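This is the structure we're talking about:
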């Protein structure tokens, strides 16, 4: 029951954000097929980021008590990797196609890629955290 609750806590906000963004794109809404592909690519790239962060973790800086190594690890080893891996699905799929035709499309597709990424993180953390930790993470 705890795993199901954790998954609900982690996945419901993702679904709600995707619905909200889809409904707000009123002028020329994106086709659900393109949004779904971007969402799935975001999830696939999350696995790549998870793998790369695991390799970066092998250097041991995540446990450093010194300010500079830990800060560099958080900025370069975590934040830069994750944000780059959220951007890559958008650059590789919708950005190169003709249906990416207005500035708001960048926001819409980036949100969907990030929500695919967040879905993988929610599934990973649902196995690790209790429901209070999942509320904090959501």
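In our numbering, the protein residues as written are 3 to 140.
Every residue, glycine too, gets a C-beta built ideally from N, C-alpha and C.
In this text the structure is predicted, and so the values were computed from the model without any measurement.
Open item on the list: Would residue 92 and residue 115 qualify as a contact pair, given that the criterion is a beta-carbon distance under 8 Å?
Closed with: Position 90 of the chain shown, counted from the start, is the residue given in the question as residue 92. Position 113 of the chain shown, counted from the start, is the residue given in the question as residue 115. Result yes, Cβ atoms of residue 92 and residue 115 sit closer than 8 Å.
Open item on the list: Are the CB atoms of residue 43 and residue 118 within a distance shorter than 8 Å?
Closed with: Position 116 of the chain shown, counting from 1, holds the residue named residue 118. Position 41 of the chain shown, counting from 1, holds the residue named residue 43. Cβ atoms of residue 118 and residue 43: closer than 8 Å.
TODO: With distances taken Cα to Cα, identify the nearest neighbour of residue 30 among 126, 103, 45 and 121.
DONE: As a first step, residue 30 must be located in the chain shown, where it is residue number 28. Of the candidates 126, 103, 45 and 121, the one whose C-alpha sits nearest the C-alpha of residue 30 is 103.
- [ ] Since I believe residue 45 is in contact with residue 122 (beta carbons under 8 Å), could you give me their beta-carbon distance rounded to a whole number of angstroms?
- [x] Here residue 122 corresponds to residue number 120 of the chain shown, with the count starting at 1. Here residue 45 corresponds to residue number 43 of the chain shown, with the count starting at 1. Between residue 45 and residue 122 the Cβ distance is about 5 Å, and since that is below 8 Å, they are a contact.
TODO: Ignore the nearest five residues each way along the sequence and tell me which others in residue 58's own chain have a CB closer than 6 Å to its CB.
DONE: In the chain shown, residue 58 corresponds to position 56, counting from 1. Correct list, in chain order: 79.
Open item on the list: Does the segment 14-32 come into contact with the segment 94-108, if we say contact requires no fewer than three beta-carbon pairs (one atom in each stretch) closer than 8 Å?
Closed with: yes
Task: Beta-carbon contacts of residue 85 that lie in its chain and below 8 Å, excluding the five residues immediately before and after - done: To locate residue 85, count along the chain shown from 1; it is residue 83. For residue 85, same chain residues with a beta-carbon under 8 Å away, outside a window of 5 residues either side, do not exist.
Open item on the list: Cutting at 7 Å between CB atoms, please list the residues of its own chain near residue 51, excluding the five before and the five after it.
Closed with: For the purposes of this step, residue 51 is taken as the residue at position 49 of the chain shown. The beta carbon of residue 51 sits closer than 7 Å to those of 83, 84 and 87, all from its chain and outside the five residues before and after it, given in chain order.
Task: 8 Å CB neighbourhood of residue 16 in its chain, flanking five on each side removed - done: To locate residue 16, count along the chain shown from 1; it is residue 14. Sequence-distant Cβ neighbours of residue 16 in its own chain, meaning closer than 8 Å and more than five residues away, are 117, 120, 121 and 124.
Task: Contained alpha helix (DSSP H) runs [length at least 4] in the segment 67-92, N- to C-terminal order - done: 69-74
TODO: Would you decide whether residue 113 is buried or exposed? Buried here means 16 or more other CB atoms lie within 10 Å of its CB.
DONE: Counting from 1 along the chain shown, the entry for residue 113 is found at position 111. Buried: at least 16 other Cβ atoms inside 10 Å.
Open item on the list: On the CB-based measure, 16 or more other CB atoms within 10 Å of its CB, does residue 99 come out buried or exposed?
Closed with: The residue you call residue 99 lines up with position 97 of the chain shown. Its Cβ having fewer than 16 others within 10 Å, residue 99 is exposed.
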